[in-house]
Amino acid sequence: MLLFGLIFTLVAHGQVGLDENIRKRSEALASSLEVFVVKEKLHCVKLLPEFYQQRLFKPAWTDKDTNAFVSILTQADEEGLDAEDYHYNSIKLFLNKTKNAEERAELDMLLTDAFLLYASHFLNGKVNPETVDSEWKAVRREGNAREFLEKALSENNIANALQKLLPAHIGYNGLKESLKQYKSIAQKGGWASIPAGETIKRGITDSIRVPLLIKRLLITNDLTSAPKEQYTYSEAIEKAVTDYQTRNGLEADGNLGKLTVASLNISVHDRINQIKINMERYRWISQDLGNHYVIVNIADYRMEVFKNNQMTFSQKVIVGKPFRKTPVFSSKMTYFVLNPYWTVPPTILFNDILPELQKNSGYLATKNIRLFQGQGSNATEVDPLTVNWSKLSKANFPYTLRQDPGATNALGIVKFMFPNKYNIYIHDTPSKELFNRPDRAFSSGCIRLNKPMEFANYLIQNEQNWSSEKMTTALNTGKEQTVLLSKPINVHILYLTAWWQDGILHLRNDLYNRDQAVLTALNEPAPIL
Numbered sequence: 000m001l002l003f004g005l006i007f008t009l010v011a012h013g014q015v016g017l018d019e020n021i022r023k024r025s026e027a028l029a030s031s032l033e034v035f036v037v038k039e040k041l042h043c044v045k046l047l048p049e050f051y052q053q054r055l056f057k058p059a060w061t062d063k064d065t066n067a068f069v070s071i072l073t074q075a076d077e078e079g080l081d082a083e084d085y086h087y088n089s090i091k092l093f094l095n096k097t098k099n100a101e102e103r104a105e106l107d108m109l110l111t112d113a114f115l116l117y118a119s120h121f122l123n124g125k126v127n128p129e130t131v132d133s134e135w136k137a138v139r140r141e142g143n144a145r146e147f148l149e150k151a152l153s154e155n156n157i158a159n160a161l162q163k164l165l166p167a168h169i170g171y172n173g174l175k176e177s178l179k180q181y182k183s184i185a186q187k188g189g190w191a192s193i194p195a196g197e198t199i200k201r202g203i204t205d206s207i208r209v210p211l212l213i214k215r216l217l218i219t220n221d222l223t224s225a226p227k228e229q230y231t232y233s234e235a236i237e238k239a240v241t242d243y244q245t246r247n248g249l250e251a252d253g254n255l256g257k258l259t260v261a262s263l264n265i266s267v268h269d270r271i272n273q274i275k276i277n278m279e280r281y282r283w284i285s286q287d288l289g290n291h292y293v294i295v296n297i298a299d300y301r302m303e304v305f306k307n308n309q310m311t312f313s314q315k316v317i318v319g320k321p322f323r324k325t326p327v328f329s330s331k332m333t334y335f336v337l338n339p340y341w342t343v344p345p346t347i348l349f350n351d352i353l354p355e356l357q358k359n360s361g362y363l364a365t366k367n368i369r370l371f372q373g374q375g376s377n378a379t380e381v382d383p384l385t386v387n388w389s390k391l392s393k394a395n396f397p398y399t400l401r402q403d404p405g406a407t408n409a410l411g412i413v414k415f416m417f418p419n420k421y422n423i424y425i426h427d428t429p430s431k432e433l434f435n436r437p438d439r440a441f442s443s444g445c446i447r448l449n450k451p452m453e454f455a456n457y458l459i460q461n462e463q464n465w466s467s468e469k470m471t472t473a474l475n476t477g478k479e480q481t482v483l484l485s486k487p488i489n490v491h492i493l494y495l496t497a498w499w500q501d502g503i504l505h506l507r508n509d510l511y512n513r514d515q516a517v518l519t520a521l522n523e524p525a526p527i528l
């Protein structure tokens, strides 16, 4: 027996009426008119009319396909989405009543609109990332929901068709499992807050905070079993706290300090929202990242390289300050430069250096930066002491500032280039001490590497014209030299505050305060597609 007992028994004149009702509504929608079905606005103003015109306005949905799709909609919350965005309750109401031709047409169009919208959200996300974050320009997923619907109906396999549209990335599936786990925790009441107090280290006894900590760690499986001693901060508790700190991007000292308490006290509902937000971000990302690619997760301060779905390289990075954010985008790395010159970019030039020059015309000499007028081979060097800096501004600045290679060069001894409109690249830095900090947002947007020559050696493994020894010789000359890559490597600069890796949920602070805008948009009714 079918799930809802829906029966389409159409006599000839009823079929004609059904087709005509679909045609009229499709034409109205195609004419940019608002079309409502039982007070539900149809969202797919382009795809839905195209779909019905292709099939000469004949109804599309059989009993089997309808019931399969309704069953799938009941699981929308597992994807971090809301079934009511897809006409769920209205469809259910339709299924439990006898319908005339007009109502059958309305049900068919509701189902089509719901599928097209749901499939589009699987393919590209519910939210357009550029409307909530103007600095998100990563390569998007591609696909046409109408074509997927046509194929799904022809194969009588709605469930399989939708499943194929979900992100295949292991990180998405892991977040989906984590969402289920944290929702279960929420249903059981979540966790109690741990009171503030002095830092607790191994061996210290606390009859209030330690028992609360144990319960908190057990709930999220950071601690697998309760220790016999409930009041003393034992080695087992210290290890569990260290593991928690590691997966939450905190300093992994094993102590219960102020920042660790603050992280542990974030509510389960906030963590659920954080997971949903990042599931949405995974829906924004292209599924074809490449066979060999670099990912920089800004919120994690880390660069990772993957080849054949295996991580092959990983390193700490420094990213842009909150007021000079590193943008999200994708490009291809085609070469890197040893002993690079640094041409000062406009942001740093006008925000940082020009104000210093207006106070002290000898500032450039202290930074080993030279001043040039003109471009390329026609550029001539100018003595900074001869320039009236007080009369120069962003609108009136005929010079270029260039820092010579050397120990104090802002780019260090190597820069890795992947052309982009933001003038962002990965490079070395003389400020190595900053890598010891857990939070590393110190740059003006570019990505600084902790051990850049390890990355350079990784990149030349299969380059016939280069070796580690040859690069060392080139570096020792002190002269700028370009190393071309025979096979460009994809670079994806992303922003994820929650992800899943090696069976573990990782969570990070929202460095650039980007999460709330995504959450707000997710909680709003579905937009017109």
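Numbered by numbering that gives the first Met the number 0, the letters in the sequence shown go through residues 0 to 528 in order.
Just so it is clear, CB atoms sit at the ideal spot from N, CA and C, and this is done for glycine as well.
Quick check on the burial criterion: 16 or more other C-beta atoms within 10 angstroms. Buried or exposed for residue i?
{"i": "Gln374", "result": "exposed"}
{"i": "Lys57", "result": "exposed"}
{"i": "Gln162", "result": "exposed"}
{"i": "Ile207", "result": "exposed"}
{"i": "Tyr457", "result": "exposed"}
{"i": "Arg54", "result": "exposed"}
{"i": "Pro524", "result": "exposed"}
{"i": "Gly502", "result": "exposed"}
{"i": "His505", "result": "buried"}
{"i": "Glu78", "result": "buried"}
{"i": "Glu134", "result": "buried"}
{"i": "Glu432", "result": "exposed"}
{"i": "Asp427", "result": "buried"}
{"i": "Gly444", "result": "buried"}
{"i": "Gln186", "result": "exposed"}
{"i": "Asn449", "result": "buried"}
{"i": "Pro526", "result": "exposed"}
{"i": "Gly361", "result": "exposed"}
Considering only residues of the same chain and omitting the five flanking positions on each side of residue i, which have a CB-CB separation below 7 Å?
{"i": "Gly477", "result": "Asn338 and Pro404"}
{"i": "Ala100", "result": "Gly13, Gly16, Leu17 and Asn20"}
{"i": "Gln372", "result": "Ala378, Thr379, Val381, Pro397 and Tyr398"}
On the DSSP letters alone, give me the boundaries of the alpha helix (DSSP H) that residue i sits inside.
{"i": "Ser70", "result": "Asp62 to Leu72"}
{"i": "Gln374", "result": "Premise fails: Gln374 is in no alpha helix (DSSP H) and is neither H nor E."}
{"i": "Arg246", "result": "Glu234 to Arg246"}
{"i": "Gln319", "result": "Correcting the residue type first, residue 319 is Gly in the shown sequence and not Gln. First-last for Gly319: Gln309 to Gly319, but that is the beta strand (DSSP E), not the alpha helix (DSSP H)."}
{"i": "Thr476", "result": "Ser467 to Thr476"}
{"i": "Gln180", "result": "Ile169 to Gln186"}
{"i": "Ile274", "result": "Val267 to Trp283"}
{"i": "Leu116", "result": "Ala100 to Asn123"}
{"i": "Gln162", "result": "Ile157 to Leu164"}
Can you check whether the CB of residue j is closer than 7 Å to the CB of residue i?
{"i": "Arg270", "j": "Tyr181", "result": "yes"}
{"i": "Leu545", "j": "Thr241", "result": "Outside the displayed span of the chain (0 to 528) sits residue 545, for which this structure offers no information."}
{"i": "Ala144", "j": "Leu115", "result": "yes"}
{"i": "Val517", "j": "Ile276", "result": "yes"}
{"i": "Val490", "j": "Ser285", "result": "no"}
{"i": "Pro585", "j": "Leu400", "result": "Lying before the first or after the last residue shown, residue 585 is absent from the chain, which here runs from 0 to 528."}
{"i": "Gln263", "j": "Arg201", "result": "Looking at the sequence provided, one finds Leu at residue 263 rather than Gln. No."}
{"i": "Tyr51", "j": "Ser31", "result": "no"}
{"i": "Ile199", "j": "Leu255", "result": "yes"}
{"i": "Leu483", "j": "Tyr243", "result": "no"}
{"i": "Val34", "j": "Ala27", "result": "yes"}
{"i": "Phe415", "j": "Met302", "result": "no"}
{"i": "Val327", "j": "Ile492", "result": "yes"}
{"i": "Val413", "j": "Pro354", "result": "no"}
{"i": "Asn461", "j": "Ser330", "result": "no"}
{"i": "Ala118", "j": "Leu46", "result": "no"}
{"i": "Val267", "j": "Ile193", "result": "no"}
{"i": "Leu178", "j": "Asp112", "result": "no"}
Give the range of the beta strand (DSSP E) segment to which residue i is assigned.
{"i": "Leu400", "result": "Tyr398 to Gln402"}
{"i": "Ala497", "result": "Ala497 to Gln500"}
{"i": "Ala440", "result": "Ala440 to Ser442"}
{"i": "Thr333", "result": "Val327 to Leu337"}
{"i": "Val413", "result": "Val413 to Met416"}
{"i": "Arg301", "result": "Arg301 to Lys306"}
Can you name, in chain order, every residue of its own chain whose Cβ lies under 6 Å from the Cβ of residue i, other than the five neighbours on each side?
{"i": "Gly124", "result": "Glu279, Arg282 and Trp283"}
{"i": "Leu106", "result": "Phe93"}
{"i": "Lys320", "result": "Ala440"}
{"i": "Ala239", "result": "Leu216, Asp221 and Leu222"}
{"i": "Thr8", "result": "Unreliable positioning characterises Thr8 in this predicted model, as indicated by a pLDDT of 34, which lies under 50. A coordinate reading is not provided."}
{"i": "Asn522", "result": "none"}
Once the 5 residues before and after residue i are set aside, which same chain residues still bring their CB inside 8 Å of it?
{"i": "Pro226", "result": "Ile213, Ser233, Ala235 and Ile236"}
> Using 8 Å as the threshold, is the segment 172 to 179 in touch with the segment 495 to 503, meaning 3 or more CB pairs across them?
Replying inline: yes
>> Could you check whether the segment 343 to 352 touches the segment 392 to 412, counting it as contact only if at least three pairs of C-beta atoms, one from each stretch, sit closer than 8 Å?
In response: yes
>> Check whether the segment 147 to 159 and the segment 302 to 315 touch, using three or more Cβ-Cβ pairs below 8 Å as the test.
In response: In short, these stretches do not touch, since the Cβ pair count stays below three.
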